[in-house]
Amino acid sequence: MASIIESGWLYLITHFSDFQLASMGSFLLHESVFFLSGLPFIYLERAGLLSKYKIQTKNNTPTAQEKCITRLLLYHFSVNLPLMIVSYPVFRCMGMRSSLPLPSWKVVLTQIIFYFILEDFVFYWGHRVLHTKWLYKHVHSVHHEYATPFGLTSEYAHPAEILFLGFATIVGPAITGPHLITLWLWMVLRVLETVEAHCGYHFPWSLSNFLPLYGGADFHDYHHRLLYTKSGNYSSTFIYMDCTIVRHLCMMHVHEALDHYSLGISSRRSNVKPTF
1 MASIIESGWL YLITHFSDFQ LASMGSFLLH ESVFFLSGLP FIYLERAGLL
51 SKYKIQTKNN TPTAQEKCIT RLLLYHFSVN LPLMIVSYPV FRCMGMRSSL
101 PLPSWKVVLT QIIFYFILED FVFYWGHRVL HTKWLYKHVH SVHHEYATPF
151 GLTSEYAHPA EILFLGFATI VGPAITGPHL ITLWLWMVLR VLETVEAHCG
201 YHFPWSLSNF LPLYGGADFH DYHHRLLYTK SGNYSSTFIY MDCTIVRHLC
251 MMHVHEALDH YSLGISSRRS NVKPTF
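And the structure:
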């Protein structure tokens, strides 16, 4: 299996330059994985197939779905592609390579796990910032135009948000300077994860049924259904950040309430006149 992958990779690096593979190659891979994984959910919704697994009963209109696809193509070619081209020198400076030999599976696995953990942490805080009143109104509300999300809405967002939250996806690879094949694998897994989180369906085979800390579609669908000030569920992949921060905030409110109660008791006691 390893020899087959290496042979295929040798063909790529022989016929294409590093720049072509890292920019256009990455873009074509992203578009292929994104639309091939996201479009089937439009068909499921329109045909009413597997409706018993659909999280919300409401469906999007064909017009709304077509609007999403049109905007996505516009944003991908006007924002994503230029970003991939411009970021190539940065990744080269950080140590990214495409030459043989390919990295071992242990190196690839370690880096991918690191990317998922770091991306989730950075995304959580960036997402919370986007839910502040001004940024939500002027930027993030575009993504929330779809209260009933479907797979392709995962990347339907304001261009400023694409750049802002896109940092969470590339910060890990920028730090480690991975092999291009690792970067491609990370991109594929990240696209599949975000499409699944927005798909609008919770299947028996969904990862959230098997991975305790994985959010999945049910977790993120809740985020889209509620008002921006009350939604929570800001993480991209896992749930530990939301659980940890919410628990911390709850404890802060409890302590504040107890302090307020104690001050009230002390105040009332100070106002009581002695009876002797």
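Residue numbers (the UniProt record's numbering): 1 to 276.
The beta carbon of each residue, even a glycine, is placed where N, CA and C say it ideally should be.
Alpha carbon to alpha carbon, how far is residue 18 from residue 10? Along the sequence shown, one-based indexing puts residue 18 at 18. Along the sequence shown, one-based indexing puts residue 10 at 10. Distance between the alpha carbons of residue 18 and residue 10: 12 angstroms.
From 29, 42, 83, 22, pick the residue whose C-alpha is nearest to that of residue 160; which is it? One-based indexing of the sequence shown puts residue 160 at position 160. With distances taken between Cα atoms, residue 160 lies closest to 83.
Nearest-angstrom beta carbon gap, residue 235 and residue 123 [assumed within contact, 8 angstroms]: Position 123 of the sequence shown holds residue 123. Position 235 of the sequence shown holds residue 235. Correct: roughly 7 angstroms between the Cβ atoms.
Excluding five sequence neighbours on each side, which residues of the same chain lie with their C-beta closer than 8 angstroms to the C-beta of residue 151? Counted from its first residue, the sequence shown places residue 151 at position 151. Here the set comprises 37, 38, 39, 40, 41, 42, 195, 196, 198, 199, 200.
Please determine, among 183, 216, 146, the residue with the shortest C-alpha to C-alpha distance to residue 23. Reading the sequence shown from its first residue, position 23 is the one you call residue 23. If we check each option's Cα against that of residue 23, 183 comes out closest.
Return the bridge partner residues of residue 201 from the DSSP annotation. In the sequence shown, residue 201 corresponds to position 201, counting from 1. Per DSSP, 54.
What are the uninterrupted segments assigned as alpha helix (DSSP H) that are 4 or more residues long and contained completely in the stretch 105 to 179, given in chain order? 105 to 130, 133 to 138, 159 to 176
If you pair each beta-carbon of the stretch 141 to 151 with each one of the stretch 199 to 218, do three or more pairs fall below 8 angstroms? yes
Name the residue from 181, 72, 89 whose alpha carbon lies nearest to the alpha carbon of residue 2. By one-based count along the sequence shown, residue 2 stands at place 2. Considering only alpha carbons, the answer is 181.
Work out the CA separation of residue 244 and residue 319 for me, nearest whole Å. Beyond the ends of the chain as shown, which are 1 and 276, falls residue 319; an answer cannot be given.
Verify the contact flag: residue 123, CB atom, against every heavy atom of the ligand SAM, threshold strictly below 8 angstroms. In the structure shown, the ligand SAM is absent, as is every other ligand, since no ligand is present at all.
Beta-carbon contacts of residue 163 that lie in its chain and below 8 angstroms, excluding the five residues immediately before and after: Translated into positions along the sequence shown, residue 163 becomes position 163. Once the five neighbours on either side are set aside, the close Cβ partners of residue 163 are 79, 83.
Quick check on the burial criterion: 16 or more other C-beta atoms within 10 angstroms. Buried or exposed for residue 87? By 1-based counting over the sequence shown, the position of residue 87 is 87. By the neighbour-count rule (16 or more Cβ atoms within 10 Å), residue 87 is buried.
Residue 77 versus 59, 64, 167, 26, residue with shortest Cα-Cα distance: Against the sequence shown, residue 77 aligns to sequence position 77. Out of 59, 64, 167, 26, 26 has the C-alpha closest to the C-alpha of residue 77.
Span of the alpha helix (DSSP H) holding residue 29? Start at 1 with the first residue of the sequence shown, and residue 29 comes out as number 29. From DSSP, the alpha helix (DSSP H) with residue 29 extends over 26 to 47.
So, using beta-carbon positions, are residue 119 and residue 237 closer together than 9 angstroms? Counting from one through the sequence shown, the residue named residue 119 turns up at place 119. Counting from one through the sequence shown, the residue named residue 237 turns up at place 237. Result yes, Cβ atoms of residue 119 and residue 237 sit closer than 9 angstroms.
Bridge partners for residue 97 per DSSP, in chain order? By 1-based counting over the sequence shown, the position of residue 97 is 97. Paired residues: 179.
With the cut-off set at 9 angstroms, would you say residue 53 and residue 204 are in Cβ contact? Translated into the one-based positions of the sequence shown, residue 53 becomes position 53. Translated into the one-based positions of the sequence shown, residue 204 becomes position 204. Contact flag set, yes.
Are the Cβ atoms of residue 176 and residue 94 separated by less than 9 angstroms? In the sequence shown, the residue the question calls residue 176 occupies position 176. In the sequence shown, the residue the question calls residue 94 occupies position 94. Yes. Within cutoff.
Between which residues of its own chain and residue 6 is the CB-CB distance below 8 angstroms, once the five residues before and five after are set aside? Working through the sequence shown from its first residue, we reach residue 6 at position 6. For residue 6, where only same-chain residues beyond five positions count, the Cβ hits under 8 angstroms are 100, 101, 102.
Could you tell me the alpha carbon to alpha carbon distance between residue 45 and residue 16, rounded to whole angstroms? The residue you call residue 45 lines up with position 45 of the sequence shown. The residue you call residue 16 lines up with position 16 of the sequence shown. When rounded, the distance between both Cα atoms is 40 angstroms.
Roughly how many whole angstroms lie between the Cα atoms of residue 288 and residue 130? The displayed coordinates of the chain run from 1 to 276. Any statement about residue 288 would go beyond what the structure contains.
Identify whether residue 214 lies in helix, strand or coil by the three-state DSSP scheme. Along the sequence shown, read from residue 1 onward, the residue named residue 214 stands at position 214. It is a strand residue.
Might you give, ordered along the chain, the residues of its own chain that have their beta carbon closer than 8 angstroms to the beta carbon of residue 254, omitting 5 neighbours on each side? Here residue 254 refers to the residue found at position 254 when the sequence shown is read from its first residue. Summary for residue 254: the model assigns pLDDT 44, below 50, so the residue's position carries little reliability; its value from the coordinates is reported in the next sentence. Excluding positions up to five away in sequence, the list is empty.
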